[in-house]
Amino acid sequence: MTEPEIMEFLEGIADGSRIWPEAPLYHRPEELNLEYETVTFPSEDGVPLEGWFFPCNGSDKIIIMNHPRLFNRAGLPSHIEPWNSLTAPLGNNIDVNFIPDYKILHDAGYNVLTHDFRNYGMSGRGNNVLYSGGRYESYDVIGALRYIRKRNDTKDMTIGLFPRCMGGSATFFAMGKHPAEFKDIRTIVFPQPISANMSSRVTLQAAGIDLDYLKELDDMVYWRTSLHLEEYSPIPWARNVKIPTYMFQVRNDLATHWSDVQDVFDAIPAKDKELFWINGTTRRWDGYLHFQRHPEAILKWLERWMN
128 MTEPEIMEFL EGIADGSRIW PEAPLYHRPE ELNLEYETVT FPSEDGVPLE
178 GWFFPCNGSD KIIIMNHPRL FNRAGLPSHI EPWNSLTAPL GNNIDVNFIP
228 DYKILHDAGY NVLTHDFRNY GMSGRGNNVL YSGGRYESYD VIGALRYIRK
278 RNDTKDMTIG LFPRCMGGSA TFFAMGKHPA EFKDIRTIVF PQPISANMSS
328 RVTLQAAGID LDYLKELDDM VYWRTSLHLE EYSPIPWARN VKIPTYMFQV
378 RNDLATHWSD VQDVFDAIPA KDKELFWING TTRRWDGYLH FQRHPEAILK
428 WLERWMN
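Here the sequence shown is numbered in the working numbering, starting from 128 and rising by one per residue.
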């Protein structure tokens, strides 16, 4: 690449912290005949959030779920434009439908709450539409917990967490800000953590750009967000996690490097923790589909800690 081409490439990455194509709720619970309620509740800082609540008659257990960056509670239609072009370079141009996840959990005896983060899906705008890697999204994690604890039909339920990617980072950050909110949480299942400093490094290497340009990229991101790339990493926040933790990750994910995920896992001080590696693919989106394809081990983990 020429110098102007490199600068344009870096600007495109940095712009992604403020601008991205918002996805519709491409799938609905009706597709799997799931009974549900569309709910709204405030984030910790007042941003209005929207989600789905799936009741499970006779159950006193609930799983709170959320979603990765670019996605919403329904998933991501990355098999169609404009998401196809955005995700195709890493092989992720497939449809990711989260509705089967909710059905699996419901059929296993769990109530489920899932919601859109601020700036995604049908939730409100916040922080001038800024992606912060979990920092500001953590307000939404707290909002969801407080909502469940205020509903008459869920306030006494046993709670487990199943955040994905950005959602897991947001949960880790929230644990540091409000540890008391997590004292009675039984467990967290966290697929595919990612650090922007590592994913940026991998992206530059794949494009054949010298890593000396990371400083240029860091500056570009900072001018747009007031955050440096290292401030997007969940590794420091992982030290806040004191509850049983199950993580899973595509080992050869082209969007990151496995060592970054291992560093997140190693930083978690919880006594009971497990990391499962998904082999045989380089596609990150296969990690988001892993639970609905192979739910057994995760359901066994949840059964162990939610009972």
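Yeah, the Cβ is synthetic: ideal placement off N, Cα and C, and Gly gets one too.
Predicted model only: the values in this text are computed from it and were never measured.
Would you list, in sequence order, the uninterrupted beta strand (DSSP E) runs of no fewer than 3 residues that lie entirely inside the stretch 266 to 315? 285 to 289
Beta-bridge pairing of Q376 - partner residues as DSSP gives them: W404
Tell me the DSSP secondary structure of F132 in three-state form. Contrary to the premise, residue 132 reads as Glu rather than Phe in this sequence. In the structure shown, E132 sits in a helix (DSSP, three-state: H, G or I).
Is the separation between the beta-carbon of I269 and that of E308 shorter than 8 Å? yes
Buried or exposed for S386, please, with buried defined as at least 16 other CB atoms from any protein chain shown within 10 angstroms of its CB. exposed
With a cut-off of 8 Å on the beta carbons, I'd call P448 and V388 a contact; round off their distance for me. Nothing about residue 448 can be reported from this structure: the residues present for the chain run from 128 to 434 only.
Should L426 be labelled buried (16 or more other beta-carbon atoms within 10 Å of its own) or exposed? buried
So, at 7 Å on beta carbons, what are the nonlocal neighbours of R276 in its own chain, with the 5 sequence-adjacent residues on each side left out? K282
If you run the structure through DSSP and keep just helix, strand and coil, what is P363? helix
Name the two residues that bound the continuous alpha helix (DSSP H) containing M325. 323 to 333
In this structure, what does DSSP give as the bridge partners for N238? I189
Cut-off 7 Å between Cβ atoms - residues of its own chain near M302, not counting five sequence neighbours on either side: F309, N367, V368
Where does N219 land, buried or exposed, given buried means 16+ other C-beta within 10 angstroms? buried
What residue range does the alpha helix (DSSP H) around N211 cover? 210 to 214
Contact under 8 Å by Cβ, V316 with Y373: yes
Per DSSP, what kind of secondary structure is T165 in: helix, strand or coil? strand
Can you tell which of M293, G202, P156 has the C-alpha that lies nearest to the C-alpha of P364? The sequence given here has Trp at residue 364, not Pro. Out of M293, G202, P156, M293 has the C-alpha closest to the C-alpha of W364.
Is L217 closer than 8 Å to R411 when the C-beta atoms are compared? yes
The stretch 174 to 185 in contact with the stretch 413 to 428 per 3-pair CB rule at 8 Å: no
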